[in-house]
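Residue 553 is where the sequence shown starts when you use our numbering, and the numbers rise one by one after that.
Don't be surprised by glycine CBs; every beta carbon is placed ideally from N, CA and C.
Worksheet for the structure shown next.
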Amino acid sequence: MIKDNLKSVKSRIKSAAVKAGRNPDEIILVCVTKSRDLSLIEEAFEAGITDIGENRVQEALTKYGQITKPLKWHLVGHLQRNKAKDAARIFDIIHSVDSVLLADKINKECNILNKNIEVLVQLNVAEEDAKFGMGAEELRPFLKEVSIFEHIKIMGLMMIAPLVSDPESARPYFRKMKEIFESLKKENLPKIEMQYLSMGMSGDFEVAIEEGANMVRIGTAIFEG
Numbered sequence: 553m554i555k556d557n558l559k560s561v562k563s564r565i566k567s568a569a570v571k572a573g574r575n576p577d578e579i580i581l582v583c584v585t586k587s588r589d590l591s592l593i594e595e596a597f598e599a600g601i602t603d604i605g606e607n608r609v610q611e612a613l614t615k616y617g618q619i620t621k622p623l624k625w626h627l628v629g630h631l632q633r634n635k636a637k638d639a640a641r642i643f644d645i646i647h648s649v650d651s652v653l654l655a656d657k658i659n660k661e662c663n664i665l666n667k668n669i670e671v672l673v674q675l676n677v678a679e680e681d682a683k684f685g686m687g688a689e690e691l692r693p694f695l696k697e698v699s700i701f702e703h704i705k706i707m708g709l710m711m712i713a714p715l716v717s718d719p720e721s722a723r724p725y726f727r728k729m730k731e732i733f734e735s736l737k738k739e740n741l742p743k744i745e746m747q748y749l750s751m752g753m754s755g756d757f758e759v760a761i762e763e764g765a766n767m768v769r770i771g772t773a774i775f776e777g
């Protein structure tokens, strides 16, 4: 089932990219494995998945010790500072950095581990009270402060779109993120790389791709169809 679902998801990614005049190969698929057991993750790997995303550090820790496949580990959920030590140890990239305090904590833990880690800055462009992420106006002061940290590498931006019944309703937010992303790219800020624009999940990834996402986080459509 996973193999067929993944084939369908990849076909949809390709169609959305082609519709937008983009190369489908530039889009990274992060398979979100939260609450999925090890056998399903192994099956996803065998079907061609190379990147997995976890929402909770504690759950990821349990899996990390048991999965030996060469996967890239993404933290796609909110990170509390008291979990930064474990997150720095097991993840390759953290999507949800949204404060200088959190970035500083990750940097310090990576210094102890003698490790560098990629991070994305989470924005809340819809200004939803219930969502994590910083406002667009906070972004540049934040980037200026964290650019001095030696062990974290800012690689792009992430957003979680508002939960809507029609994915088209999320399009303005994806478009705004792309505008911010491209604006930062042109500024060539020191030690800041705008390489990844992580947006789009099972219910809205096609619209996200049409608006410029090059990293999508998909779980339900892969594991449940």
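Taking C-beta atoms as the reference points, Met710 and Ser648 count as a pair closer than 9 Å.
Scanning its chain for C-beta atoms nearer than 6 Å, with the 5 sequence neighbours on each side dropped, one finds around Thr772 the residues Ser754, in chain order.
Around the beta-carbon of Glu763, 16 or more other beta-carbon atoms lie within 10 Å, marking it buried. Among the bridge pairs identified by DSSP, Gly605 is matched with Val584 and His626. If the five residues before and after Tyr748 are omitted, its C-beta is found closer than 7 Å to the C-beta atoms of Leu672, Met707, Gly708, Asn766 and Met767, all from its own chain and listed in chain order. Closest in alpha carbon position to Ala713, among Ile642, Lys728 and Glu595, is Lys728.
The C-alpha of Ile658 is placed about 6 Å away from the C-alpha of Ala640. Note on the region 654-712: whole beta strand (DSSP E) runs with a minimum of 3 residues are 669-674 and 704-710, in chain order. Membership of Val570 in the alpha helix (DSSP H) is indicated by the continuous run Ile554 to Lys571. For Met729, the enclosing alpha helix (DSSP H) begins and ends at Arg723 to Glu739. Comparing C-alpha distances from Asp756 to each of Pro742, Leu736, Pro724 and Asp656 shows the shortest one belongs to Pro724. Pairing Ile744 with Gly687, the inter-Cα distance amounts to about 18 Å.
With fewer than three CB-CB distances shorter than 8 Å, the region 591-598 does not count as touching the region 659-678. Rounded to the nearest whole angstrom, the C-alpha separation of Pro719 and Ala678 is 14 Å.
Excluding residues up to 5 positions away in sequence, Ile706, Leu741, Pro742, Lys743 and Ile744 lie with their Cβ nearer than 8 Å to the Cβ of Ser699 in the same chain. Taking the Cα of Ile761 as reference, the smallest distance to any Cα among Phe701, Ile565 and Lys667 is reached at Ile565.
Under the DSSP assignment, Ser750 falls in the beta strand (DSSP E) whose first and last residues are Ile744 to Ser750. With 16 or more other Cβ atoms inside 10 Å of its own Cβ, Ala636 counts as buried.
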